[in-house]
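Peer 1: Here it is, the structure in full.
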Amino acid sequence: MILATAPPVLSSSSMPADALNAKHLRLAPETNHILHPLGGGQHVHLVLPADAAPDRAMVALVPLGDEGFDRVEAILRLLASLHGRSVPPDTRLTRQQRARARRMLQAFDGRRDGATQQEIAEVIFKTGKLTRDEWQSASARHAVISLLKGAETLIAGGYRKLLRHRRRP
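317 is the number of the first residue of the sequence shown in the working numbering; add one for each residue after it.
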């Protein structure tokens with residue numbers, strides 16, 4: 317999310333004094349980057365101008381494309397955090413989608429480290445040792461194949477879709 321110094325006409329209020337915690341600040345020549353914690357293990361990445369200060373009003377810039385909806389939601393979550401209110405949950409991924417993404421990456425890591433599909437299933441799905449015939453007809457086998465295909469898609473750039481809401485055309 318990109319923040320900018322507000323023009324004088326919009327400078328009626330400033331952020332809370334401790335809103336942008338210096339321990340999360342990463343300095344760069346023309347901008348400052350902050351990974352601001354929202355709680356619950358969630359963070360929002362802020363890009364601030366070099367002249368940003370707690371006593372200066374800041375504005376969030378939102379491009380008006382399709383991704384603007386996601387950015388507005390992120391701004392609402394940031395505002396809640398900055399003003400000590402309850403932060404609304406991030407609705408981009410359901411609990412099931414997060415669990416599947418985690419399993420895809422576990423399966424990929426296992427495969428990269430030389431594990432067989434059956435060994436991956438034993439760890440992820442706790443199948444235990446299966447005979448060759450049992451493995452050939454096991455639903456866990458098909459699930460591992462699906463997880464590995466999904467992981468390949470994520471790694472090839474599909475991870476970008478994880479952070480977007482699904483939109484109807």
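Glycine included, every Cβ here is placed at the ideal spot set by N, Cα and C.
Could you spell out the range, first to last residue, of the beta strand (DSSP E) harbouring A376?
Peer 2: 374 to 376
Peer 1: Less than 7 angstroms between C-beta atoms, sequence neighbours within five positions excluded: which residues of the same chain meet that for L446?
Peer 2: Q434, A454
Peer 1: Would you say V403 and S397 are within 7 angstroms of each other, going by their C-beta atoms?
Peer 2: yes
Peer 1: Tell me which residues share the same chain as A456 and place their Cβ nearer than 7 angstroms to its Cβ, disregarding the 5 neighbours each side in the sequence.
Peer 2: A437, F441, T443
Peer 1: Hey, would you say L529 sits closer than 7 angstroms to R419, going by beta carbons?
Peer 2: No statement about residue 529 is possible, as the shown extent of the chain runs from 317 to 485 and does not include it.
Peer 1: Let's see if you can read the secondary structure: which residues bound the alpha helix (DSSP H) around V460?
Peer 2: 455 to 469
Peer 1: Rounded to the nearest angstrom, what separates P405 and G381 at their Cα positions?
Peer 2: Counting only the Cα atoms, G381 lies some 23 angstroms from P405.
Peer 1: Assign V460 to buried or exposed, taking buried as 16 or more other Cβ atoms, counted over all protein chains shown, within 10 Å of its Cβ.
Peer 2: buried
Peer 1: On the three-state DSSP scale, how would you describe V363?
Peer 2: strand
Peer 1: In the DSSP output, what is L421 paired with across the bridge?
Peer 2: DSSP output for L421 lists no bridge partner at all.
Peer 1: Just grab the DSSP bridge partners of L351 for me.
Peer 2: Its beta-bridge partners are H361.
Peer 1: State buried or exposed for G474, treating a residue as buried only when at least 16 other CB atoms are found within 10 Å of its CB.
Peer 2: exposed
Peer 1: Tell me whether R393 is buried or exposed, calling it buried when 16 or more other Cβ atoms sit within 10 Å of its Cβ.
Peer 2: buried
Peer 1: Taking only three categories from DSSP, how would you classify V388?
Peer 2: helix
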